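**Student:** This structure is in structure tokens; I'll ask about it shortly.
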Amino acid sequence: MFAYWRTFRAYRCVRRKQNKLAIELLEQAIQDLPDEPIAYWLRGRAWSEKGDLKQAMNDYTQALSLDPNRASGYRRRADIFRRLGRVQEAISDLSTAIELRPKVGAIFYDRAGLWWEFGEHQKALNDYSQAIKLDPQMDVARLARANGWINKGELDLALADLEAVVKRHPSWSEAYLSRGSLWLKKGDFERALADFDEAINRQTQNLALAYYSRAVVHSRKSDIDLAIDDYTNAIRYAPNDPQAFLGRCIVFFSKRAYESALADCRTAIKLAPKNLLFHEWFVRLLIDLGRHQEALEAFDVALALDATDTDFLEGLSWLLATSPIASVRDGNKALGIADKLVNELGASGHKMLVIRAAVYAECGRLDEAIVSQKAAIELSTIEEKLFDDEVLRIYEGGKPYRTISKAEGFIARQ
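Position in the sequence shown counted from 1, then plus 515, gives you the working numbering.
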């Protein structure tokens, strides 16, 4: 009798967030009635709310051993597995819950999120669809499915879901944020701006993403100052997001505010030191600023992360061959890198021919430089041919090429 009284009192404590007292009461109840699953369910919940996930999992597991047909129990343990990063086990528990309660849409919704996190995007979409089929009013699943469609590039399917959500829930800021992303992918910048404005005005829970996304639109429209303002707001709400710093770096670069761009790129690298894209922009900026010795050091840092990255190796070879700073140039080293690119890494094509020509010229092998440059011209696009023809004339005049402030040969990943 006292065990049941303690259990009931513990239940009230859990509801009031008095988890420490609830655990003490439930320990007594379990001693008196060790085969009563409700006490383990309640203590597991209390441990969970206290943040002790291991203890919560142990109690839920014990409860399931005593009451193996409780679908809600598998959902609870699945949530613990998810929070512990054990996604496969969480999916397994939710699959068991679905077997027990196959007509509960919410369980499919829970599993869909885990499938997506696990990288099984089609399975996630299938579960979202099943959740909606079982509960047509579950618009949170419809919104999630729309985001999945956007990720897969199925924009018309996503739009149909989002229009339905916005129609029924015109106050849902997240729906406007998702639809804005859809319009951005479609290239409809005006509609994208309108939806991002709506998401921001309605105080979306993800203001950083809303400002970031609107900044991208302004950047695409060449509204550089507006883009800078929005990236700055994105950084204000998410100061540890390196992508926002890189985004602002790029628009500063387009504005020729190189020092500001460099500062943002340094911050992005500090926040994500292994991201090669950030290092590539850093090198590009240093070259454009004429700080070639620093660029060499930046190349070394990047290549320490990936010694076979062809973009960095091509850029380094080009800089060693073409820098106007004598102390930076090293023709023999540039030639060794170029040979590695061709012979070991399979680099070929127009860009590689241009680089080899510059390297040959720096090494005094002008005849070979001319041959390589002419071969490159055979592959030139209309945009490339003007530059390539000019460089060929330099070689034919008996001189090596020297780069100017722009890093023509090393274009950062977009």
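Ideal Cβ positions, reconstructed from N, Cα and C, are used throughout, including at glycine.
Quick caveat, the model's predicted, so the values are computed rather than measured.
(1) Within 10 angstroms of its Cβ, does A550 collect 16 or more other Cβ (buried), or is it exposed?
(2) Since I believe T719 is in contact with E689 (beta carbons under 8 Å), could you give me their beta-carbon distance rounded to a whole number of angstroms?
(3) Between T747, Y773, S769, H794, which lies nearest to A759 when the distance is taken from Cα to Cα?
(4) Please state whether DSSP places E911 in a helix, a strand or coil.
(5) In this structure, how does DSSP classify F767 when only helix, strand and coil are distinguished?
(6) Suppose you measure from the CA of R626 to the CA of A646; what does that come to, to the nearest Å?
(7) Within the stretch 857-887, note down every full alpha helix (DSSP H) run reaching 4 residues or more, in order along the chain.
(8) Which whole-angstrom value describes the C-beta separation of S693 and A661, a residue pair presumed to lie in contact below a C-beta threshold of 8 Å?
(9) Please state whether the Cβ-Cβ distance between T825 and A862 is less than 8 Å.
(10) Can you tell which of R908, N666, G846, A612 has the C-alpha that lies nearest to the C-alpha of W631?
(11) With a 10 Å radius around its C-beta and 16 neighbouring C-beta atoms as the bar for buried, classify S832 as buried or exposed.
(12) Give the secondary structure of T918 by DSSP, where H, G and I count as helix, E and B as strand, and everything else as coil.
(13) Buried or exposed, going by whether 16 or more other CB atoms sit within 10 Å of the CB of I897?
(14) Starting from the C-beta of L579, find all residues in its chain whose C-beta is less than 6 Å away, skip the five residues before and the five after it, and write them out in chain order.
(15) Here's a check: name, in chain order, each residue in its chain whose Cβ is nearer than 6 Å to the Cβ of I613, leaving out the five neighbours to either side.
(16) On a Cα-Cα basis, can you pick out the residue from L820, A841, I870, P552 that is closest to R806?
(17) I need the straight-line Cα distance from I595 to A571, nearest angstrom please.
(18) To the nearest angstrom, how far is it from the Cα of G702 to the Cα of G668?
(19) When you compare only the Cα positions, how much space is there between T823 and L791?
(20) Within the chosen definition, does the stretch 785-802 reach the stretch 878-889 through at least 3 CB pairs nearer than 8 Å?
(21) DSSP on G600, reduced to helix/strand/coil?
(22) Buried or exposed: where does A853 fall if 16 or more other Cβ atoms within 10 Å of its Cβ makes it buried?
(23) Reducing DSSP to helix, strand and coil, say where N847 ends up.
(24) Indicate whether A783 and F793 have their beta-carbon atoms separated by less than 8 Å.
(25) Using beta-carbon positions only, say whether L609 and L629 come within less than 8 Å of one another.
(26) Out of D815, G634, A656, which one is the CA nearest neighbour of Y643?
(27) For L568, which residues from the same chain have a beta carbon less than 8 Å from its beta carbon, with the 5 sequence-adjacent residues on both sides left out?
(28) As a quick exercise: from R844, L615, E893, pick the residue whose alpha carbon is nearest that of Y916.
(29) Pick from A849, Y910, P754: whose alpha carbon is nearest that of K785?
(30) Which whole-angstrom value describes the C-beta separation of Y727 and A749, a residue pair presumed to lie in contact below a C-beta threshold of 8 Å?
(31) Given that a residue counts as buried once 16 or more other Cβ atoms are within 10 Å of its Cβ, and exposed if not, what is L835?
(32) Leaving out five residues on either side along the sequence, give the residues of the same chain with a beta carbon under 8 Å from the beta carbon of D904.
(33) Would you decide whether G620 is buried or exposed? Buried here means 16 or more other CB atoms lie within 10 Å of its CB.
(34) Reducing DSSP to helix, strand and coil, say where S737 ends up.
(35) Determine, using beta carbons only, whether L856 and E829 come nearer to each other than 8 Å.
**Tutor:** This is what the structure gives:
(1) As a first step, residue 550 is located in the sequence shown; it is residue number 35 there, counting from the start. A small fix is needed here, since residue 550 is Asp in this sequence, not Ala. Burial call: exposed.
(2) Within the sequence shown, the letter at position 174 stands for residue 689. Within the sequence shown, the letter at position 204 stands for residue 719. Cβ atoms of E689 and T719 come within 8 Å of each other, at about 6 Å.
(3) Looking up residue 759 in the sequence shown gives position 244. Selected option, being the one with the closest Cα: T747.
(4) Position 396 of the sequence shown, counted from the start, is the residue given in the question as residue 911. Here E911 sits in helix by DSSP.
(5) For the purposes of this step, residue 767 is taken as the residue at position 252 of the sequence shown. Residue state, collapsed to three classes: helix.
(6) Numbered from 1 along the sequence shown, position 111 holds the residue referred to as residue 626. Numbered from 1 along the sequence shown, position 131 holds the residue referred to as residue 646. Their backbone Cα atoms lie some 10 Å apart in a straight line.
(7) Within the stretch 857-887, the complete alpha helix (DSSP H) runs of at least 4 residues are 865-877.
(8) On the sequence shown, residue 693 is found 178 positions in, with the first residue counted as 1. On the sequence shown, residue 661 is found 146 positions in, with the first residue counted as 1. Their Cβ separation, rounded to whole angstroms, is 6 Å, which keeps S693 and A661 in contact under 8 Å.
(9) The residue labelled residue 825 in the question sits at position 310 within the sequence shown. The residue labelled residue 862 in the question sits at position 347 within the sequence shown. Taking 8 Å as the Cβ cut-off, T825 and A862 qualify as a contacting pair.
(10) Reading the sequence shown from its first residue, position 116 is the one you call residue 631. Nearest C-alpha to W631: N666.
(11) Numbered from its first residue, the sequence shown carries residue 832 at position 317. Buried, since its Cβ has 16 or more Cβ neighbours within 10 Å.
(12) As a position in the sequence shown, residue 918 is number 403, starting the count at 1. If DSSP states are grouped into helix, strand and coil, T918 belongs with coil.
(13) Translated into positions along the sequence shown, residue 897 becomes position 382. Residue burial annotation: I897 is exposed, with fewer than 16 other C-beta atoms found within 10 angstroms of its C-beta.
(14) Taking the first residue of the sequence shown as 1, we reach residue 579 at position 64. If we look at L579 and ignore the five residues flanking it on each side, its Cβ neighbours are G588.
(15) The count along the sequence shown starts at 1 and reaches residue 613 at position 98. Once the five neighbours on either side are set aside, the close Cβ partners of I613 are I622.
(16) If you number the sequence shown from 1, residue 806 lands on position 291. The alpha carbon of R806 has as its nearest neighbour, out of L820, A841, I870, P552, the alpha carbon of A841.
(17) For the purposes of this step, residue 595 is taken as residue 80 along the sequence shown, with counting starting at 1. For the purposes of this step, residue 571 is taken as residue 56 along the sequence shown, with counting starting at 1. Looking at the two C-alpha atoms, the distance is approximately 7 Å.
(18) In the sequence shown, residue 702 corresponds to position 187, counting from 1. In the sequence shown, residue 668 corresponds to position 153, counting from 1. The straight-line gap from Cα to Cα measures roughly 13 Å.
(19) Locating residue 823 in the sequence shown gives position 308, counting from the first residue. Locating residue 791 in the sequence shown gives position 276, counting from the first residue. Across the structure, T823 and L791 are spaced so that their CA atoms are roughly 12 Å apart.
(20) These segments do not touch.
(21) Here residue 600 refers to the residue found at position 85 when the sequence shown is read from its first residue. G600 falls in the coil class under three-state DSSP.
(22) Looking up residue 853 in the sequence shown gives position 338. Buried: at least 16 other Cβ atoms inside 10 Å.
(23) Position 332 of the sequence shown, counted from the start, is the residue given in the question as residue 847. Three-state DSSP puts N847 in a helix.
(24) Sequence index remark: in the sequence shown, residue 783 carries index 268 (1-based). Sequence index remark: in the sequence shown, residue 793 carries index 278 (1-based). Cβ distance < 8 Å, so A783 and F793 count as in contact.
(25) Taking the sequence shown and counting its residues from 1, the one referred to as residue 609 is at position 94. Taking the sequence shown and counting its residues from 1, the one referred to as residue 629 is at position 114. Between L609 and L629, the C-beta spacing is below 8 Å.
(26) Here residue 643 refers to the residue found at position 128 of the sequence shown. Ranking D815, G634, A656 by Cα distance to Y643 puts A656 first.
(27) Counted from its first residue, the sequence shown places residue 568 at position 53. Within the same chain, L568 has close Cβ partners W562, I595, R598, L599.
(28) One-based indexing of the sequence shown puts residue 916 at position 401. The shortest Cα separation from Y916 among R844, L615, E893 belongs to R844.
(29) Within the sequence shown, numbered from 1, the residue matching residue 785 stands at position 270. Taking only the C-alpha atoms, the option nearest K785 is P754.
(30) Sequence index remark: in the sequence shown, residue 727 carries index 212 (1-based). Sequence index remark: in the sequence shown, residue 749 carries index 234 (1-based). Your pair Y727 and A749 checks out as a contact, with CB atoms roughly 4 Å apart and the cut at 8 Å.
(31) Working through the sequence shown from its first residue, we reach residue 835 at position 320. That one is buried.
(32) Along the sequence shown, read from residue 1 onward, the residue named residue 904 stands at position 389. The residues are I892.
(33) As a working mapping, residue 620 is identified with position 105 in the sequence shown. It counts as buried.
(34) For the purposes of this step, residue 737 is taken as the residue at position 222 of the sequence shown. Correct three-state label for S737: coil.
(35) One-based indexing of the sequence shown puts residue 856 at position 341. One-based indexing of the sequence shown puts residue 829 at position 314. In this structure, L856 sits near E829, with a CB-CB distance shorter than 8 Å.
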